[in-house]
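Student: Have a look at this one.
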Amino acid sequence: MSVALERIRSDHAPAVLAFEAENRAFFAGRVPDRGDAYFADFDTRHRELVEAQEAGELHFHVLVAEGGEVLGRINLNDVDPEAGTAELGYRLAEKATGRGLATYGVREVIRRAAEEYGLRRLTAVVSHGNDASRAVLARAGFGAVGGVVLETGELGTAYELDLGGSAGRERSGTAS
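The C-terminal residue of the sequence shown carries number 176 in full-length UniProt numbering, and the numbering is unbroken.
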């Protein structure tokens with residue numbers, strides 16, 4: 001299956017909404033549910049995200065299959081251009097898991113973060129029970145930097161990725 005990573009645009013709204021609705025129960029088993037208001041106000045929220053992206057406040061991406069179906073989202077939130085930092089978040093459709101698509105998408109966003117968005121460090125947080133996401137971060141070069149308590153009260157791990165270093169060799173938050 002051919003998949004492309006695209007920056008989110010206004011015309012992605014119907015496919016993103018379908019992706020979120022079709023996978024809502026799957027996502028809720030791993031992360032807090034977005035709630036009914038997210039779906040009721042989706043068009044407004046999507047428009048605001050596109051505007052925030054255009055202002056450089058975030059960098060949102062979708063993994064799009066050949067027919068236009070959204071199979072995943074890989075986002076950079078809390079972008080701080082002065083510090084060169086952002087927080088990575090991602091989710092993949094249930095039917096798209098186990099095929100390396102999350103790893104592909106995360107690696108491509110990392111490349112764009114360094115080469116196009118001028119970022120120098122990415123962070124991510126994963127709950128202890130989410131082994132698949134932990135594996136994606138490890139394959140992408142993130143290093144664990146400590147434990148955290150998530151908004152839900154769950155325990156998790158914080159990760160960092162240094163996008164600088166010697167030709168990208170020093171890419172984890174741990175000493176090399």
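Don't be surprised by glycine CBs; every beta carbon is placed ideally from N, CA and C.
Predicted model only: the values in this text are computed from it and were never measured.
Is DSSP giving E115 helix, strand or coil here?
Tutor: The answer is helix: DSSP assigns E115 an H, G or I state.
Student: Kindly list the residues whose CB is nearer than 6 Å to the CB of T174, restricted to its own chain and excluding five residues on each side of it in sequence; keep chain order.
Tutor: A caution first: T174 carries a pLDDT of 39, below 50, which makes its placement in the model unreliable, though a value can still be read off. So the qualifying residues of the chain are G143.
Student: Quick check on this structure: which residue in V50, L5, S10 and F27 has the alpha carbon closest to the alpha carbon of A132?
Tutor: Checking every option, the nearest Cα to that of A132 belongs to F27.
Student: Between which residues of its own chain and T103 is the CB-CB distance below 7 Å, once the five residues before and five after are set aside?
Tutor: Within the same chain, T103 has close Cβ partners V136, R139 and A140.
Student: Run the CB neighbour count on F39, radius 10 Å, all protein chains shown included, and call it buried at 16 or more, exposed below.
Tutor: Per the 10 Å Cβ criterion, exposed.
Student: Taking N130 as the reference, give the member of A25, R30 and L88 with the closest Cα.
Tutor: Residue R30 is the option with its Cα nearest to N130.
Student: Would T152 be called buried (16 or more neighbouring beta carbons within 10 Å of its own) or exposed?
Tutor: T152 should be labelled exposed.
Student: On the DSSP letters alone, give me the boundaries of the alpha helix (DSSP H) that L150 sits inside.
Tutor: Run containing L150: none; DSSP gives neither H nor E here.
Student: Whether or not the stretch 103-116 and the stretch 2-12 are in contact is what I'm after, with contact meaning three or more pairs of Cβ atoms, one per stretch, closer than 8 Å; do they touch?
Tutor: With a cut-off of 8 Å, the stretch 103-116 and the stretch 2-12 count as touching, because enough Cβ pairs lie within range.
Student: How long is the line joining the alpha carbons of F42 and R24, rounded to whole angstroms?
Tutor: Near 14 Å, if we compare the C-alpha coordinates of R24 and F42.
Student: Roughly how many angstroms lie between the CA atoms of R34 and G146, to the nearest whole one?
Tutor: Computed Cα separation, rounded: 26 Å.
Student: Hey, N77 and L58 are a contact pair by Cβ (cut 8 Å); roughly how many whole angstroms apart?
Tutor: That pair is a contact at about 5 Å.
Student: Measuring alpha carbon to alpha carbon, tell me which residue in E94, A93, G89 and A83 is nearest G164.
Tutor: The residue with the shortest Cα to Cα distance from G164 is A83.
Student: Evaluate A167 with the Cβ neighbour count: other Cβ atoms within 10 Å of its Cβ, from every protein chain shown; 16 or more gives buried, anything less gives exposed.
Tutor: Residue confidence for A167 is low, a pLDDT of 32 falling below 50, so the modelled location carries little weight; the figure read from the coordinates is stated next. By the 10 Å Cβ count, A167 comes out exposed.
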